[in-house]
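As structure tokens, the structure follows; a few thoughts come after it.
Number of protein chains: 2
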Amino acid sequence: MTDLGVSTSGARRRPPSQADVAALADVSSQTVSRVANGRANVDQATRERVLSAMRILGYQRNSAARALALGRFHMLGVITFDLSAHGNARTLAAISRAAQAAGYSVNVACAEEQTETAVQQAFSKLSGQAVDGVVVIEAQILDRQGLRLPPGVPVIVADGDPEHRFSSVDNNQAAGAVAATRHLLDLGHRTVWHVAGPQDSYSARRRAAAWHATLKEAGAAVPPLRLGDWTARSGHRIGAELAARDDVTAIFAGNDHMALGIMLALHEAGRRVPEDVSVVGFDDVPEAAYFIPPLTTIRQDFEEIGRQCVSLLLDQIDAGGGVATKLVTVPPLLTVRATTAVAPATG
Amino acid sequence: MTDLGVSTSGARRRPPSQADVAALADVSSQTVSRVANGRANVDQATRERVLSAMRILGYQRNSAARALALGRFHMLGVITFDLSAHGNARTLAAISRAAQAAGYSVNVACAEEQTETAVQQAFSKLSGQAVDGVVVIEAQILDRQGLRLPPGVPVIVADGDPEHRFSSVDNNQAAGAVAATRHLLDLGHRTVWHVAGPQDSYSARRRAAAWHATLKEAGAAVPPLRLGDWTARSGHRIGAELAARDDVTAIFAGNDHMALGIMLALHEAGRRVPEDVSVVGFDDVPEAAYFIPPLTTIRQDFEEIGRQCVSLLLDQIDAGGGVATKLVTVPPLLTVRATTAVAPATG
DNA sequence: ACCGCTCATGTTCGCGCAAACATTCGTCGC
DNA sequence: GCGACGAATGTTTGCGCGAACATGAGCGGT
Numbered sequence: 002m003t004d005l006g007v008s009t010s011g012a013r014r015r016p017p018s019q020a021d022v023a024a025l026a027d028v029s030s031q032t033v034s035r036v037a038n039g040r041a042n043v044d045q046a047t048r049e050r051v052l053s054a055m056r057i058l059g060y061q062r063n064s065a066a067r068a069l070a071l072g073r074f075h076m077l078g079v080i081t082f083d084l085s086a087h088g089n090a091r092t093l094a095a096i097s098r099a100a101q102a103a104g105y106s107v108n109v110a111c112a113e114e115q116t117e118t119a120v121q122q123a124f125s126k127l128s129g130q131a132v133d134g135v136v137v138i139e140a141q142i143l144d145r146q147g148l149r150l151p152p153g154v155p156v157i158v159a160d161g162d163p164e165h166r167f168s169s170v171d172n173n174q175a176a177g178a179v180a181a182t183r184h185l186l187d188l189g190h191r192t193v194w195h196v197a198g199p200q201d202s203y204s205a206r207r208r209a210a211a212w213h214a215t216l217k218e219a220g221a222a223v224p225p226l227r228l229g230d231w232t233a234r235s236g237h238r239i240g241a242e243l244a245a246r247d248d249v250t251a252i253f254a255g256n257d258h259m260a261l262g263i264m265l266a267l268h269e270a271g272r273r274v275p276e277d278v279s280v281v282g283f284d285d286v287p288e289a290a291y292f293i294p295p296l297t298t299i300r301q302d303f304e305e306i307g308r309q310c311v312s313l314l315l316d317q318i319d320a321g322g323g324v325a326t327k328l329v330t331v332p333p334l335l336t337v338r339a340t341t342a343v344a345p346a347t348g
Numbered sequence: 002m003t004d005l006g007v008s009t010s011g012a013r014r015r016p017p018s019q020a021d022v023a024a025l026a027d028v029s030s031q032t033v034s035r036v037a038n039g040r041a042n043v044d045q046a047t048r049e050r051v052l053s054a055m056r057i058l059g060y061q062r063n064s065a066a067r068a069l070a071l072g073r074f075h076m077l078g079v080i081t082f083d084l085s086a087h088g089n090a091r092t093l094a095a096i097s098r099a100a101q102a103a104g105y106s107v108n109v110a111c112a113e114e115q116t117e118t119a120v121q122q123a124f125s126k127l128s129g130q131a132v133d134g135v136v137v138i139e140a141q142i143l144d145r146q147g148l149r150l151p152p153g154v155p156v157i158v159a160d161g162d163p164e165h166r167f168s169s170v171d172n173n174q175a176a177g178a179v180a181a182t183r184h185l186l187d188l189g190h191r192t193v194w195h196v197a198g199p200q201d202s203y204s205a206r207r208r209a210a211a212w213h214a215t216l217k218e219a220g221a222a223v224p225p226l227r228l229g230d231w232t233a234r235s236g237h238r239i240g241a242e243l244a245a246r247d248d249v250t251a252i253f254a255g256n257d258h259m260a261l262g263i264m265l266a267l268h269e270a271g272r273r274v275p276e277d278v279s280v281v282g283f284d285d286v287p288e289a290a291y292f293i294p295p296l297t298t299i300r301q302d303f304e305e306i307g308r309q310c311v312s313l314l315l316d317q318i319d320a321g322g323g324v325a326t327k328l329v330t331v332p333p334l335l336t337v338r339a340t341t342a343v344a345p346a347t348g
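Just so you know, the sequences run in chain order A and B.
Sequential numbering from 2 applies to the first sequence in my numbering.
Sequential numbering from 2 applies to the second sequence in my numbering.
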């Protein structure tokens, strides 16, 4: 009895419109519109007649027509680069959920490369005429002065806007890096080596800076910064070099995957974790608890980041532009597992 | 000289329309439309005048109006569940890229739960009135007979449609599982244990079935199937049980993350990989090569899956429905690393 | 010189929706 | 008892675009 009128016959027909519902329910299409939008000023009996007609025809409102009439799309754009990066994928999922809850849908543009043109293209595809606002996830590229985003489109940047040209939602990268470094120092390590992410990533730079500052403040020597590219592969390469040095007893990796590579290199070089060398990661990917040994790391709350992005963006959209840029910070959490231990006795 | 007319002043104005461009270029708005769509029948001089006017005003066509006029949205919907699953995220990224290349954008709906209602809701949000077609990624839920998708919307299922009610793009799960099992058997193991993914996943079922068949065919004993849930955590739990049994010398895990958990459990129980127990995973996540030891696994080509999904979907859209369902299979690849070795000499 | 053709361009119209305005009631106050 | 009001509903209109059709200019063949 539910989908009576949904003819299943061959040719693709025009889906039912308000007018069709109106005809069936014997009201004007405006009344259908009112019912569809939950307006109060419709008689109960009429409303039910309309609702039933909708059900019979399988009516769904045409979002394009709605967008055209309203000038609002009820759609958010998300620009991202690498969805194989765990954090980005998680953030996207959270954004999608939060947006759905607010009645928005999400249009993803996955830019291949981190070039200005690629971003600008992705952006112009989305912007202005198709979405009400945009979230840019981890846009290392936003650093570059050259990037000019069209004005008038609300933009939120997740984790990547060093100059605060846009509103942004950030992990408190500094706090996380400080916690990691302090944790190792407190364990008695003379100093802490840092294998950082690529320096065109603002997150990576902030983690590195906080690590540097924490060492300085503690009066510890500051070893040279080692630069990876977020991959386990780069961690493995750098880890091999670090493993060769006896004076390395504590390593803070820029993310969990690099930590994994480092641990493999250490293992291959016969240096035990955590007895000889302590390792801390960053992200707390779900598998981190099952590395060998389970990884001490900094947990990021991606769900919260996604929620905040959407909430900030919606505020900005509703305010109709001209809002001061805001910065929301989500605190990370040190999660101690089995890769960190007190410093080995000094030979 | 590029964005002259893009006034940066306060209030949000209506973005420029074809009519505005037409007025500036002193042509009809239809001519602007023709230029915007790259039609041939426009004089070169006129075309340039229009293009320059577009540039000056920063014109972008309104996708809602376009969709309304054309009855086509140039947008694909993607329904997915868990973006923290590596494969899903990768597939989504590939779909997004392929869609963009074809001039489509991608609307993601990330359903929270795998319930029929959740899917149906996500689906109806997207369907009919907002997208031209839908890709469902790994929809374990499609199994259930109860699920009724609205007719008339082209649907492609990535890796999850056991009854072939829709066109789908699949990994050749069977081939992968056979390769994994054979590989272990060839190494001299008497039999192979399988830690499968949850059995409401079609992929998981197919892998398990192929493992079973391969053992049978080889005349090997078929150990009881162990059921995990794709997480490293479940792998760890089951791994602990398996580690306690001396007769377990070869394990085929349903995915790399469970393999990781299994390896940790083995390690904790003092059983060496690969000397005592060989392990094979499935997926080849980027970190698999850096597990301790590096994991032998089955590589899936997510890029290709994404591309195929889009290509199939576009075909179906262009054909206007009424096409026979197709099944495209993407072959996986056995990648041998360090977790597999010849069977230990039998005590 | 005239017909018939092609090509560039203009005009009209409708896609489906909701805002704004118009209309019809019934109801309340004095 | 009559005007003022408000609630339910209908009518008109335009959002921006492109299909379909109309126009008009230029050109070749006979």
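C-beta atoms are modelled at their ideal positions from N, C-alpha and C, and glycine is treated no differently.
A quick note: this is a predicted structure, and the numbers were derived from the prediction, not measured.
Inset, instruction - Report the partner residues of Phe253/A according to the DSSP bridge assignment. - result: Within the first sequence, residue 253/A is the residue found at index 252, counting from 1. Partner(s): His195/A and Val281/A.
Legend entry - Reference Val249/B, options Glu269/B, Ala344/B, Val137/B and Leu25/B, closest by Cα: Residue 249/B sits at position 248 when you count from the first residue of the second sequence. Answer by Cα proximity: Ala344/B.
Legend entry - Within 8 Å, strictly: CB atoms of Tyr203/B and Asp162/B: The sequence position of residue 203/B within the second sequence is 202, counting from 1. The sequence position of residue 162/B within the second sequence is 161, counting from 1. Yes, the Cβ-Cβ distance between Tyr203/B and Asp162/B is below 8 Å.
Inset, instruction - Return the chain-ordered list of same chain residues with a C-beta closer than 8 Å to the C-beta of Val62/B, the five sequence neighbours on each side being excluded. - result: As a first step, residue 62/B must be located in the second sequence, where it is residue number 61. Looking at the sequence shown, residue 62/B is not Val but Arg. Once the five neighbours on either side are set aside, the close Cβ partners of Arg62/B are Gln19 and Ala37.
Legend entry - Cut-off 7 Å between Cβ atoms - residues of its own chain near Ser10/B, not counting five sequence neighbours on either side: Here residue 10/B is taken as the residue at index 9 of the second sequence, counted from 1. Because the pLDDT of Ser10/B is 42, which lies under 50, any placement of that residue in the model is unreliable, and the question is left without a value.
Inset, instruction - Return helix, strand or coil for Leu25/A, following the three-state DSSP convention. - result: The residue you call residue 25/A lines up with position 24 of the first sequence. Residue state, collapsed to three classes: helix.
Inset, instruction - Output, in chain order, the set of chain B residues within a Cβ distance shorter than 8 Å of Thr116/A. - result: Counted from its first residue, the first sequence places residue 116/A at position 115. In chain order: nothing, as chain B lies at least about 15 Å away.
Legend entry - Classification of Phe97/A by the beta-carbon crowding that lies within 10 angstroms, buried from 16 upward: As a working mapping, residue 97/A is identified with position 96 in the first sequence. Note on residue identity: the sequence assigns Ser, not Phe, to residue 97/A. Residue environment: Ser97/A is assigned as buried (16 or more neighbouring CB atoms within 10 Å of its CB, all protein chains considered).
Inset, instruction - Assuming Ile263/B contacts Gly236/B (C-beta within less than 8 Å), just tell me the rounded distance between them. - result: Here residue 263/B refers to the residue found at position 262 of the second sequence. Here residue 236/B refers to the residue found at position 235 of the second sequence. Going by Cβ atoms, the distance from Ile263/B to Gly236/B rounds to 5 Å, so yes, they are a contact pair.
Legend entry - Identified DSSP bridge partners for Cys111/A: As a working mapping, residue 111/A is identified with position 110 in the first sequence. Paired residue(s): Thr81/A.
Inset, instruction - With 8 Å as the threshold, decide whether the Cβ of Glu113/B is near any Cβ in chain A. - result: Taking the first residue of the second sequence as 1, we reach residue 113/B at position 112. With 8 Å as the cut-off, Glu113/B counts as an interface residue toward chain A.
Inset, instruction - Please check if any C-beta of chain A sits within less than 8 Å of the C-beta of Gln309/B. - result: Counting from one through the second sequence, the residue named residue 309/B turns up at place 308. No - not a single Cβ of chain A is within 8 Å of the one on Gln309/B.
Legend entry - Terminal residues of the beta strand (DSSP E) in which Ile293/A lies: By one-based count along the first sequence, residue 293/A stands at place 292. Per DSSP, Ile293/A belongs to no beta strand (DSSP E) and is neither H nor E.
Inset, instruction - Compute the Euclidean distance between the alpha carbons of Gly6/A and Arg308/A, then round it to the nearest angstrom. - result: On the first sequence, residue 6/A is found 5 positions in, with the first residue counted as 1. On the first sequence, residue 308/A is found 307 positions in, with the first residue counted as 1. Because Gly6/A sits at a pLDDT of 38, beneath the cut-off of 50, its placement in the model cannot be relied upon, and the point is left open.
Legend entry - Phe283/B: contacting residues in chain A (beta-carbon distance under 7 Å): Position 282 of the second sequence, counting from 1, holds the residue named residue 283/B. Under a criterion of Cβ atoms nearer than 7 Å, no residue of chain A is adjacent to Phe283/B; the nearest Cβ is some 15 Å distant.
Legend entry - Where the alpha helix (DSSP H) through Gly134/A begins and ends: Indexing the first sequence from 1 puts residue 134/A at position 133. No alpha helix (DSSP H) holds Gly134/A; the beta strand (DSSP E) holding it covers Gly134 to Ile138.
Legend entry - Positions along the stretch 70 to 83 of chain A whose CB lies within less than 7 Å of some CB in chain B: Phe74
Inset, instruction - Might you give, ordered along the chain, the residues of its own chain that have their beta carbon closer than 7 Å to the beta carbon of Arg234/B, omitting 5 neighbours on each side? - result: Residue numbering aside, residue 234/B sits at position 233 when the second sequence is read from its first letter. Answer for Arg234/B: Gly262, listed in chain order.
Inset, instruction - Using a Cβ cut-off of 8 Å, pull out every chain A residue sitting near Glu276/B, in sequence order please. - result: In the second sequence, counting from the first residue as 1, residue 276/B sits at position 275. Using a Cβ-Cβ cut-off of 8 Å, Glu276/B is close to nothing in chain A; its nearest Cβ partner there is about 15 Å away.
Inset, instruction - Could you please tell me which residues of the stretch 93 to 110 of chain B, in chain order, have their CB closer than 8 Å to any CB of chain A? - result: Leu93, Ala94, Ser97, Arg98, Gln101, Ser106, Val107, Asn108, Val109 and Ala110
Inset, instruction - Have a look at Ala197/B, His190/B and Gly78/B and flag the residue whose alpha-carbon is nearest the alpha-carbon of Ala342/B. - result: By 1-based counting over the second sequence, the position of residue 342/B is 341. Taking only the C-alpha atoms, the option nearest Ala342/B is His190/B.
Inset, instruction - Just tell me which of Trp194/A, Cys310/A and Arg246/A has its CA closest to the CA of Val281/A. - result: The residue given as residue 281/A occupies position 280 in the first sequence. With distances taken between Cα atoms, Val281/A lies closest to Trp194/A.
Inset, instruction - Could you name the residues of the same chain whose beta carbon sits closer than 6 Å to that of Met55/B, not counting the 5 residues immediately before and after it, in chain order? - result: Along the second sequence, read from residue 1 onward, the residue named residue 55/B stands at position 54. Excluding sequence neighbours, Met55/B sits near Val22.
Inset, instruction - Compile a chain-ordered list of the residues in the stretch 38 to 64 of chain A whose CB is closer than 8 Å to at least one CB of chain B. - result: Gly59, Gln61, Arg62, Asn63 and Ser64
Inset, instruction - Tell me Ile157/B's beta-bridge partners as DSSP assigns them. - result: In the second sequence, the residue the question calls residue 157/B occupies position 156. Answer by DSSP bridge pairing, in chain order: Val136/B and Ser168/B.
Legend entry - C-beta neighbour in chain B for Thr300/A, strict 8 Å: Start at 1 with the first residue of the first sequence, and residue 300/A comes out as number 299. It is Arg, not Thr, that sits at residue 300/A in the sequence shown. False, the Cβ-Cβ gap to chain B never drops below 8 Å.
Inset, instruction - Taking Ile318/A as the query, report the chain B residues whose CB atoms sit under 9 Å from its CB, ordered along the chain. - result: In the first sequence, the residue the question calls residue 318/A occupies position 317. Those do not exist, as Ile318/A stays about 10 Å from chain B at its closest Cβ, beyond 9 Å.
Legend entry - Beta carbon of Gly78/B nearer than 8 Å to that of Val135/B: Along the second sequence, read from residue 1 onward, the residue named residue 78/B stands at position 77. Along the second sequence, read from residue 1 onward, the residue named residue 135/B stands at position 134. Yes, the pair counts as a contact, with Cβ atoms nearer than the cut-off.
Inset, instruction - Could you say which of Leu71/B, Leu328/B and Thr336/B lies nearest to Asn172/B if we only look at CA atoms? - result: Reading the second sequence from its first residue, position 171 is the one you call residue 172/B. The option with the nearest alpha carbon to Asn172/B is Leu328/B.
Inset, instruction - Could you work out which residue in Tyr60/A, Ser64/A, Arg73/A and Ala181/A is closest to Asp319/A when comparing CA atoms only? - result: Reading the first sequence from its first residue, position 318 is the one you call residue 319/A. It is Arg73/A whose Cα lies nearest to the Cα of Asp319/A.
Inset, instruction - Please look up how many angstroms separate the CB atoms of Phe283/B and Ala210/B, rounded, as I've assumed it's under 8 Å. - result: Reading the second sequence from its first residue, position 282 is the one you call residue 283/B. Reading the second sequence from its first residue, position 209 is the one you call residue 210/B. Phe283/B to Ala210/B, Cβ: 14 Å. No contact.
Legend entry - For Leu334/B, the three-state DSSP class (helix, strand or coil): Position 333 of the second sequence, counting from 1, holds the residue named residue 334/B. In this structure, Leu334/B counts as strand in the three-state DSSP scheme.
Inset, instruction - Answer yes or no: does any C-beta atom of chain B fall closer than 8 Å to that of Lys217/A? - result: Here residue 217/A refers to the residue found at position 216 of the first sequence. No, Lys217/A lies away from the interface with chain B (no Cβ there is under 8 Å from its Cβ).
Legend entry - Coarse secondary structure for Val223/B, derived from DSSP in three states: The sequence position of residue 223/B within the second sequence is 222, counting from 1. Correct three-state label for Val223/B: coil.
Inset, instruction - In angstroms with no decimal places, state the Cα-to-Cα distance between Trp231/B and Glu305/B. - result: Your numbering for residue 231/B matches position 230 in the second sequence. Your numbering for residue 305/B matches position 304 in the second sequence. Between Trp231/B and Glu305/B, the C-alpha separation is close to 22 Å.
Legend entry - Contact set between Gly262/A and chain B, taken where Cβ atoms lie within less than 7 Å: On the first sequence, position 261 is the one that residue 262/A refers to. Ordered by position in chain B, the residues that pass the 7 Å Cβ test against Gly262/A are Tyr291.
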